[in-house]
Amino acid sequence: MFSKTKNRQLTIGVLVAAFVLLLWSMQTTQQTPKTESIGNSATLSAAYEKWKTTHFQGREARVLNIPLTQFHKAFRAQTQAKGSASIDLLSGDTRVELINLKTKDVLDAWLLGKVKNDGKEKKIYLGQLTPQSDHASLNMTLKASDLSGFSMSKIVIEKPGKEAASAGLFYGSPTLFQRLYYEEIRLNSHTDITAQGRLAKSNQPALPFSLLVPAPAFAQNAAGVDLNALVAKGEDLFFNETFGGNGRTCGTCHRAENNFTIDPAFIATLPANDPLFVAEYNPDLVNLENPVLMREYGLILANIDGAEDPENKFVMRSVSHTLGLSMSIQSSATTPPMQMTGWSGDGAPGNGTLRDFSTGAVIQHFTKTLDRVAGVDFRLPSDAELDALEAFMLSLGRQSDPNLNNLHLLNPDAERGRLLFLAEDSKNRTIQAAKCNICHRNAGALTRAGENSNFITGVENMPHPADITGELRPRDGGFGAQFNGTTGGFGDNSFNTPSLWEAADTAPYFHHNGAATLEEAIAFYDSAEFKNSVEGQRLLLMDTGGQEMAIEVDALAAFLRVINVIENIRSSSDYLTRAMGQSTRNAKKLLNIAKSDVKDILRVLGEGELHENTWSDFREAKNLITSAKKASDVATRDGLIAQAMDAIQAAKLMIVDTTQQIDNEKPSVAIISPASNSTVASTTTIEVSAVDNVGIDSVVLLAGSMEIARLAAEPFSLDWDTTILPDGPVSLTAIATDGNGNSQNTTILVTIDNVTSLPAVDVVQPTISFIAPSMNEVVAGTRMVSVNALDDVAIDHVIFTVDQTDIGLVSVPPYEQAWDTSQFADGVHQITVTAVDTSNNTASASIATTVDNAPVVCTVYSCPNPPPPSTEPPPVQSMPSGSSPDGEFSGVLESKNVTLSTLTIASGNGLLTLTITADTAFMGSIANNIDNLLVGHVVQGEFFSATNEMVWIEADLPPGL
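In the numbering used here, the protein residues as written are 1093 to 2053.
Given below as C-alpha cells:
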C-alpha cells in the first residue's frame, strides 16, 4: 500500500515565499557555456519566426502584452481571478486590468527589475487599482526619465503597505520570445512600424520603452543573442541543475537516451540510488511518489489540482516527452493558461506557459520535503535560467508536421492506415474514415485551426491495469481544478492531444499509461468509453452518413509505426549531420542520440514486422555510428558518419516513395473582399478564397510589401487595421502555398482613406429631466421613476440611482424604472438619473423625495373605502355554536380552518361557526377570499339557511381594531 507520513499542509506563507524567490531569484554566475547542444538552435529559430508572424502584425509590434495570474494557481484551490498588463513601448501608455476578483481591497501595481549599470534591484510604482464589482483597472503613462537604465523582470500586483519585493497577489513576466523580439528591434534600430508601415533603419530605437524588456541572458554578445549559446546553457541546466533540491534534474524523468521520457522498461534499468527513486530512500519524501505505480506503470505523482493536502490530493500521470514542443503547445487563449502544457493543457503554474512549466517542475519534483518551502527545500529558477530552459526545450524535435497528403507509404497496411487516418468523413457511408486527422492534423498535436485543443474522450473511464494492485490512484479530472460532482476528480474530464509522430517509440500511452501497446491505444477509439463520450458523439454527429470511426487497428498501427520511423530517420540524420566536424566530446554526445534513434527504428519495425528488407541497412548504420564514436580523428569519424547516413537514406527509399505524387499544380487564389479599386478605412475585413488539389498550407497577405498576416487554416480572413498605413492607394496581395511549396498570388488595388471617413466627434451632452416623481414628493410602496432623455445623436442608456445605489439601467425608451421604496428607510432620499449617449457623453439630474411606508392607523369610520353600514343595531346573537340560521352577525374572527373552509367568529355572547362555500361573496376592501382573512379581523354580514342563496361577508378593519 501507498504509505503515509504525517500530513503536511502547504500554508499561504509557503507559497508566498516561493513567489518571492521566483520574483527575486538572483542570476547564477553566467559562465559562457559550451555552444554545442543536442538541441538544434535552428528548430528554436523556426519556432520564433513562426511566433513573430502570428503575434506581430502592424501596430501590435509596439504593444507588450503580459498576462497576470496568481502564482499559486496550480498549487492551491482553483481561482478564476486573472488579469493582463499592456505597455505601449512607443508612448509609454500602460494599462493593468484584473477580472473575477474576490477581494474589495485597493491594490498597487509595480514594475520590478534591475538597473543595468549597477545590477541593483529596483521597483517602480505604477499606481492603484480600485476594485469595482469583480474587476479593477489602472491607466497611466510611464515617464522615460524614471526608467533610465531600468530593465523590468516582472509586473507585480500587491496590497498597499506591503513590499512588492516580498509578496504579490498577481504577477506576469515577458516570455522568451518577447525578450528575443524586442532585443531584435533594439539591435536593428527600427522606426515606428505604425507610422511607416514597415521596419526601416534609423539612428534611434523605434520603440524607446522597449528598453524595459530584458534580453535573454547567457547568450548576449556584440551581435545580439547567440541562440546556440542559449540552447547549450539550457541543456546544461536541464541535465545537471538540481536547484538545491533532492538531487533530481529535469533529465531525471526526461531522458535523452529514451526519447526524453521514461517508461517501466527503462526504469527497470536504473540503479537503486537514481534520484528518480528518492521516495524509496529518503524518509522525508516517502510520499513524494508511489514506488509501485512508478516502477510497474511509469506513473509520477502530481499535485496539479492543489497542494494543500499533497499526500491525499494528487493524480498519477505518465511522463510526456519534450520532443517537438514548438508544434504542440499552441493555444488561442488570451488569459492563462497561455500554452498547452502537460496532459490536460494546464500543467504549468502561473501564466501556464512552457516557461512556467519549469518553475512548477522544481516545486513539484525537486523538493527536499513535502512542505515545499522555497529557499529551504529548493531554490527557484532565475529569469535567465527560465529563458535558457525554455530555449532548450523548444529546440528539440521537429520544426513542422509533414503533409501526410504528400506521403506515399510502400507498405500496403501502412498506406491503408494513412488513408483511413486522413479521411474525416464517410461521405454518406461510401468510404471508411477513421477521422484521426480532425484532432491530429497531419498526425501532429494541432487541429485544423492550428492550435492544440482539449477533448472529452472518456479516456479516464477505460479499465486500467494498475487498479489490480490496490494502490491509491485518484480519478484524474483533466483540465481545471474545480471538483467535478458528477464524475469525481478535479476538472472537466478533458485532455489535450499529443503528437503522433513520436508515438510508436514512446509507449505506454495516454496520460495514465493505461494502454501498454500501440494496438491497445488505437483500440480504445472503438470502445464504449470513447463512443459514449462527448467527443465520440461529436464525431458521430458531424459525419454525413452518421458513421462511427472506422478503427482498423492493424492498418493504423502500421501507419503510426512507419511515420515514427520516418521521424527517427529525420532526427538521426540531423544529429549525424551536426556531429560532422565536431570535437570528439561534442560528436559523441550527438552520435549517442543518433544511435538511440536508429535503435528505435529497428525496435519499432520489429514490433510491427514491417519492412524487413530495411533491417540490414539500419543495423549497418547503427554499427557505423558505433565505430564513428570510437574514431580517433575527425576525418575518419566524418567518413563513418557519411556511410551511416547513406545506409539510412537507402533504407528510407524502401519505406516511403519520394518520387511519386510529385505535385506541381499551383493553388487557385482570389481576394473576395474588399473589392478591387474600392476605398477602405478603419478596420476592413479581407476575405480570400484559396483552393488546391492536395490542400492549402498557408495564405500570406501583403499590404504593399508589408506582410500583415500568415493564415494557416480556413477561413482565410483577416480584420485589417488600415490605420497602420498612410492614406492613399495600396496593393493587397494574397499568396497561397500548398503543402509541396507550390504557390500562386493575386493582387488588387485599394485606396485607404481614414481622414474623410472619420466620423465627427460627438461632444454634445444629452439632456435629461424628471417626469415622475416630482420634487419633494412623498412616496411609498413601489413607485415608477420616469425621465425624459434626449441626445443629438442617440441615447445609449439611462442609469437610475437612489443615494448612490443603482436601482436599474434602461437602454430603450420609455426611460422608466420601478423603485421599491420599502428597501429604503423612511425619510428624505435623493434620486439621480444619468443619461449616457453613444459617445459616452453624460448628463445627470437629481430630485429629493420622502419615503413614508408607515402603516395606516384607522378606526371603523376612518379607514379608506369604509364599509357600507350594517343593520343598526345588530341583533343579539343567541345561536348555539355550530348552527347557521338566518340572520345578521358582527364580530371578531377568532380562528379559521382553510381545509374545512370554516370561520369561527365571536359574535355577541357566543361563537358562530360559518361555512364558506363557492357562493360566498366577499365584499370588503381588505379581504376577498378566505386566505386573506386574518385572525382579529372585524367581520359582519348576513347568512341564510336555505341553499343556493347568496352569502356575503365584509372585513374592512385591520386585525385588532
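For glycine and all other residues, C-beta sits at the position ideal for the given N, C-alpha and C. The model shown is predicted, which means the values in this text are computed figures rather than measured ones.
Does the contact criterion of 3 or more C-beta pairs under 8 Å hold for the stretch 1520-1531 versus the stretch 1627-1644? The stretch 1627-1644 and the stretch 1520-1531 touch, with three or more beta-carbon pairs separated by less than 8 Å.
Counting along the chain, where does the alpha helix (DSSP H) carrying Leu1303 start and finish? For the purposes of this step, residue 1303 is identified with residue 211 of the sequence shown, where counting begins at 1. Per DSSP, Leu1303 belongs to no alpha helix (DSSP H) and is neither H nor E.
Ordered along the chain, which non-local residues of its own chain (more than five positions away) have a Cβ less than 8 Å from that of Ser1245? Here residue 1245 refers to the residue found at position 153 when the sequence shown is read from its first residue. Around Ser1245: Leu1115, Leu1204, Gly1205, Lys1206, Ser1265, Pro1306, Asp1475.
Which residues in the same chain as Glu1507 place their Cβ atom closer than 6 Å to its Cβ, once the five residues preceding and following it in sequence are excluded? Position 415 of the sequence shown, counting from 1, holds the residue named residue 1507. Residues of the same chain with a CB within less than 6 Å of the CB of Glu1507, apart from the 5 flanking positions on each side, are Leu1501 in chain order.
Suppose the cutoff is 6 Å on Cβ atoms and the five residues either side in sequence are ignored; what does the same chain contact list for Asn1209 look like? Within the sequence shown, the letter at position 117 stands for residue 1209. Cβ neighbours of Asn1209 within its own chain (closer than 6 Å, five residues either side excluded): Gly1241.
For Ala1357, which of helix, strand or coil comes out of DSSP? Here residue 1357 corresponds to residue number 265 of the sequence shown, with the count starting at 1. Reduced to three states, the DSSP call for Ala1357 is helix.
Same chain, Cβ closer than 8 Å to Leu2003, five either side skipped, listed in chain order: Taking the sequence shown and counting its residues from 1, one reaches residue 2003 at position 911. Same-chain partners within the cutoff: Ser1973, Glu1986, Thr1996, Ile1997.
Would you list the one or two residues that DSSP bridges to Val1894? Within the sequence shown, numbered from 1, the residue matching residue 1894 stands at position 802. Per DSSP, Thr1897, Ile1923.
Continuous alpha helix (DSSP H) assignments of at least 4 residues falling wholly in the stretch 1151-1228: Counting whole runs of 4 or more residues, the stretch 1151-1228 contains no alpha helix (DSSP H) stretch at all.
Own chain residues within Cβ distance below 6 Å of Gly1184, not counting five before or after: One-based indexing of the sequence shown puts residue 1184 at position 92. Around Gly1184, the same chain offers Thr1233, Leu1234, Phe1301 as residues with beta carbons nearer than 6 Å, after the five sequence neighbours per side are excluded.
Of all Cβ atoms in chain B, is any one closer than 8 Å to the Cβ of Glu1477? Here there is only one protein chain, and chain B is not present.
Kindly list the residues whose CB is nearer than 7 Å to the CB of Ala1910, restricted to its own chain and excluding five residues on each side of it in sequence; keep chain order. Working through the sequence shown from its first residue, we reach residue 1910 at position 818. Residues of the same chain with a CB within less than 7 Å of the CB of Ala1910, apart from the 5 flanking positions on each side, are Thr1874, Met1876 in chain order.
Local conformation of Ile1658 per DSSP, three classes: The residue labelled residue 1658 in the question sits at position 566 within the sequence shown. Ile1658 falls in the helix class under three-state DSSP.
Mind checking whether Ala2054 and Met1419 have CB atoms under 8 Å apart? For residue 2054 there is no data in the structure shown, the boundaries of the chain being 1093 and 2053.
C-beta contact flag for Leu1383 and Ala1394 at 8 Å: Position 291 of the sequence shown, counted from the first residue, corresponds to residue 1383. Position 302 of the sequence shown, counted from the first residue, corresponds to residue 1394. Position check: residue 1383 holds Pro in this sequence, whereas Leu was assumed. It is not a contact, given that the beta carbons lie outside the stated cut-off.
Quick one: residues in its chain with C-beta nearer than 6 Å to the C-beta of Ser1768, no 5 flanking neighbours on either side, listed in chain order? Stepping through the sequence shown from its first residue, residue 1768 is reached at position 676. So the qualifying residues of the chain are Ile1840.
On a Cα-Cα basis, can you pick out the residue from Ile1923, Ser1675, Val1780, Gln1431 that is closest to Ile1421? Against the sequence shown, residue 1421 aligns to sequence position 329. When only C-alpha atoms are compared, the closest one is Gln1431.
I'd like the list of long-range same chain contacts for His1703, defined as Cβ closer than 7 Å, with 5 residues on each side in sequence excluded. To locate residue 1703, count along the sequence shown from 1; it is residue 611. Cβ neighbours of His1703 beyond the five flanking positions: Asn1503, Leu1697, Met1746, Ile1747.
Just grab the DSSP bridge partners of Met1672 for me. Here the question's residue 1672 lines up with position 580 in the sequence shown. Paired residues: none, contrary to the question.
Roughly how many angstroms lie between the CA atoms of Ala1881 and Asn1932, to the nearest whole one? Taking the first residue of the sequence shown as 1, we reach residue 1881 at position 789. Taking the first residue of the sequence shown as 1, we reach residue 1932 at position 840. It is roughly 14 Å from the alpha-carbon of Ala1881 to the alpha-carbon of Asn1932.
Quick one, are the C-beta atoms of Leu1064 and Ile1763 less than 8 Å apart? Past the boundaries of the shown model lies residue 1064; the chain is included only from 1093 to 2053, so the question cannot be answered.
With 16 as the cutoff for other CB atoms within 10 Å, does Ala1541 come out buried or exposed? Here residue 1541 is taken as the residue at index 449 of the sequence shown, counted from 1. Its Cβ having fewer than 16 others within 10 Å, Ala1541 is exposed.
Nearest to Thr1771 (by Cα), restricted to the options Ser1450, Phe1587, Asn1497, Thr1848: To locate residue 1771, count along the sequence shown from 1; it is residue 679. The candidate whose alpha carbon is nearest that of Thr1771 is Thr1848.
Have a look at Leu1732, Met1672, Thr2009 and flag the residue whose alpha-carbon is nearest the alpha-carbon of Glu1128. Residue mapping note: residue 1128 aligns to position 36 of the sequence shown, counting from 1. The option with the nearest alpha carbon to Glu1128 is Met1672.
Local Cβ density within 10 Å of Leu1992, reported as buried at 16 or more and exposed below that: Mapped onto the sequence shown, residue 1992 falls at position 900. That one is exposed.
Closest to Ala1321 by CA distance: which of Asp1618, Asp1479, Glu1869 is it? Position 229 of the sequence shown, counted from the first residue, corresponds to residue 1321. Out of Asp1618, Asp1479, Glu1869, Asp1479 has the C-alpha closest to the C-alpha of Ala1321.
Indicate the three-state DSSP secondary structure (helix, strand or coil) for Asn1553 in the structure shown. Here residue 1553 refers to the residue found at position 461 when the sequence shown is read from its first residue. Looking at Asn1553 - three-state DSSP - the assignment turns out to be helix.
Tell me the rounded alpha-carbon separation between Leu1158 and Val1879. As a first step, residue 1158 must be located in the sequence shown, where it is residue number 66. As a first step, residue 1879 must be located in the sequence shown, where it is residue number 787. The question names Leu, but residue 1158 in the sequence shown is Ile. Straight-line measurement puts the Cα of Val1879 at about 44 Å from the Cα of Ile1158.
Ordered along the chain, which non-local residues of its own chain (more than five positions away) have a Cβ less than 8 Å from that of Thr1561? Here residue 1561 refers to the residue found at position 469 when the sequence shown is read from its first residue. So the qualifying residues of the chain are Val1384, Leu1385, Glu1388.
If you draw a straight line from the alpha carbon of Asp1272 to that of Asp1709, how long is it in whole angstroms? Along the sequence shown, read from residue 1 onward, the residue named residue 1272 stands at position 180. Along the sequence shown, read from residue 1 onward, the residue named residue 1709 stands at position 617. The question names Asp, but residue 1272 in the sequence shown is Leu. Approximately 43 Å between the Cα atoms of the pair.
Candidates Ile1693, Gly1700, Val1726: which alpha carbon is nearest Glu1712's? For the purposes of this step, residue 1712 is taken as residue 620 along the sequence shown, with counting starting at 1. If we check each option's Cα against that of Glu1712, Ile1693 comes out closest.
On the DSSP bridge assignment, give the partners of Tyr1601 in chain order. Within the sequence shown, numbered from 1, the residue matching residue 1601 stands at position 509. DSSP output for Tyr1601 lists Ala1607 as bridge partner(s).
Hey, would you say Ala1364 sits closer than 8 Å to Arg1464, going by beta carbons? Position 272 of the sequence shown holds residue 1364. Position 372 of the sequence shown holds residue 1464. No, the Cβ-Cβ distance between Ala1364 and Arg1464 is not below 8 Å.
Supposed contact pair Ser1625 and Ile1740 - C-beta distance, whole angstroms, cut 8 Å: As a working mapping, residue 1740 is identified with position 648 in the sequence shown. As a working mapping, residue 1625 is identified with position 533 in the sequence shown. At roughly 41 Å, the Cβ-Cβ gap does not stay under 8 Å, so Ile1740 and Ser1625 are not in contact.
So if DSSP puts Tyr1046 in a beta bridge, which residue, or which two residues, is it bridged to? What the structure shows of the chain is the stretch from 1093 to 2053, and residue 1046 is not part of that stretch, so it cannot be assessed.
Quick one: is Ile2008 buried, meaning 16 or more other Cβ sit within 10 Å of its Cβ, or exposed? On the sequence shown, position 916 is the one that residue 2008 refers to. Note on Ile2008: 16 or more other CB atoms within 10 angstroms of its CB, so buried under the neighbour-count rule.
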